[in-house]
Amino acid sequence: SDDISTEKARVDFLKAIAQTMHTKARIKLNIKALYRADGFAVRELLKIAQVLHKSLLNSAGTMDSKDEKSIRVSEPNLQTKLDELKAARNMANDIVEMGSKLYGLLRQEKELKKSREKAIQFVDSISMNLESNAAREAVERSIREQITSITDNVNQLDRMCTDLKKDQKSLQTKIERKQTDLERAEKRLRSLKKVRPAFMEEYERLETELKMV
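Residue numbers (this note's numbering): 1 to 213.
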């Protein structure tokens, strides 16, 4: 499987690669060095790369050194050899890609291992402290106090939200009332502007006579 996201999968992957290299190419790989993902791991990967590189050079050199007339290989066999060479090159590229991916995952494994060890130590310490009834009761009491505190905070926030909604509603009512009063006053002002006082005619007549004097 190509999934090497877990520690066990990575170990199994390295074992399978080491066994294949030993069986097919007589290459002995150090699994521990590969898993450490350091400079020694690079040396192990170079063993594979060197063998593949040498094999490709030998294949190319053999084909170039032979005289074209001396080649007695039939067309189907030639195509088969070319397919095998192409497959070997693809396999080499896959190994390099998987090696790079594995190297990155193995580097992450160091930090993940530290996190797992801390988590295990934390659980172990809690387990040891909870062996007595007094310790267990103390932990339970602390948890209940935390829950109570959080519940009180939530209730307080709910009350604050309710008060804010009430204030918002009251303020909206006052705004609407003021708006109504303003509209009523503007309407009255427009009405007053249209009404002509009864004494205005006499005032204008006296004003005209005064100008004539």
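Idealized CB from N, CA, C, for every residue including glycine.
This one's a predicted model, so the numbers in the text were calculated from it and none came from an experiment.
Measure from the C-beta of E201 to each C-beta in chain B and report whether the shortest distance is under 9 Å. Chain labels in this structure do not include chain B; a single protein chain is all it has.
In angstroms with no decimal places, state the Cα-to-Cα distance between R184 and R190. The sequence position of residue 184 within the sequence shown is 184, counting from 1. The sequence position of residue 190 within the sequence shown is 190, counting from 1. Straight-line Cα distance between these residues: approximately 10 Å.
Over what stretch of residues does the alpha helix (DSSP H) that includes I17 continue unbroken? The residue given as residue 17 occupies position 17 in the sequence shown. From DSSP, the alpha helix (DSSP H) with I17 extends over 7-25.
Below 8 Å, how does it come out for the segment 31-47 and the segment 4-17: are there three or more Cβ pairs, yes or no? yes
Run the CB neighbour count on E44, radius 10 Å, all protein chains shown included, and call it buried at 16 or more, exposed below. Along the sequence shown, one-based indexing puts residue 44 at 44. Result: buried.
If we ignore side chains and look at the alpha-carbon of each, how far apart do V51 and Q19 end up? Along the sequence shown, one-based indexing puts residue 51 at 51. Along the sequence shown, one-based indexing puts residue 19 at 19. C-alpha separation (whole angstroms): 16 Å.
Spatial neighbours of I48 in its chain, beta-carbon cut-off 7 Å, leaving aside the 5 residues before and after: Sequence index remark: in the sequence shown, residue 48 carries index 48 (1-based). Correct list, in chain order: M21, I27, I95.
Check I4 in the structure and name its three-state DSSP category. By 1-based counting over the sequence shown, the position of residue 4 is 4. DSSP places I4 in coil when its eight states are reduced to three.
Between M212 and T180, what straight-line distance do the alpha-carbon atoms span, to the nearest angstrom? By one-based count along the sequence shown, residue 212 stands at place 212. By one-based count along the sequence shown, residue 180 stands at place 180. Going from the Cα of M212 to the Cα of T180 covers about 49 Å.
Count the other CB atoms within 10 Å of the CB of L182; is the residue buried (16 or more) or exposed (fewer)? In the sequence shown, residue 182 corresponds to position 182, counting from 1. The residue in question, L182, is exposed, as its Cβ has fewer than 16 Cβ neighbours within 10 Å.
With 16 other Cβ atoms within 10 Å as the buried cut-off, status of R205: Counted from its first residue, the sequence shown places residue 205 at position 205. The residue is exposed, with fewer than 16 neighbouring Cβ atoms inside 10 Å.
Taking just the CA atoms, how far does T151 sit from R188? The count along the sequence shown starts at 1 and reaches residue 188 at position 188. The count along the sequence shown starts at 1 and reaches residue 151 at position 151. Going from the Cα of R188 to the Cα of T151 covers about 56 Å.
Distance between beta carbons of Y103 and A282, contact taken as under 8 Å: For the chain, the structure presents residues 1 to 213; residue 282 sits outside this window and is missing.
Alpha carbon of S115 to alpha carbon of T6, nearest angstrom: Locating residue 115 in the sequence shown gives position 115, counting from the first residue. Locating residue 6 in the sequence shown gives position 6, counting from the first residue. Their Cα atoms are separated by approximately 15 Å.
Is it true that the CB of K101 sits closer than 9 Å to the CB of T4? Residue mapping note: residue 4 aligns to position 4 of the sequence shown, counting from 1. Residue mapping note: residue 101 aligns to position 101 of the sequence shown, counting from 1. The sequence given here places Ile at residue 4; Thr does not occur at that position. Going by C-beta atoms, I4 is nearer than 9 Å to K101.
Own chain, CB closer than 7 Å to S65, minus 5 neighbours either side, in chain order: Reading the sequence shown from its first residue, position 65 is the one you call residue 65. For S65, the predicted model reports a pLDDT of 48, less than 50, meaning its position is unreliable and no value from the coordinates is stated.
Going straight from the alpha carbon of L57 to that of T23, what length do you get? As a first step, residue 57 is located in the sequence shown; it is residue number 57 there, counting from the start. As a first step, residue 23 is located in the sequence shown; it is residue number 23 there, counting from the start. Roughly 22 Å separates the two Cα atoms.
Can you have a look at L29 and say buried or exposed, based on whether 16 or more other CB atoms are within 10 angstroms of its CB? For the purposes of this step, residue 29 is identified with residue 29 of the sequence shown, where counting begins at 1. Result: buried.
If you reduce the DSSP assignment to three classes, tell me which class N30 lands in. As a first step, residue 30 must be located in the sequence shown, where it is residue number 30. Three-state DSSP puts N30 in coil, outside helix and strand.
Pop quiz: R10 and L105 are said to be a contact at Cβ under 8 Å. What is the actual Cβ separation, rounded to whole angstroms? As a working note, residue 10 is residue 10 in the sequence shown. As a working note, residue 105 is residue 105 in the sequence shown. Going by Cβ atoms, the distance from R10 to L105 rounds to 6 Å, so yes, they are a contact pair.
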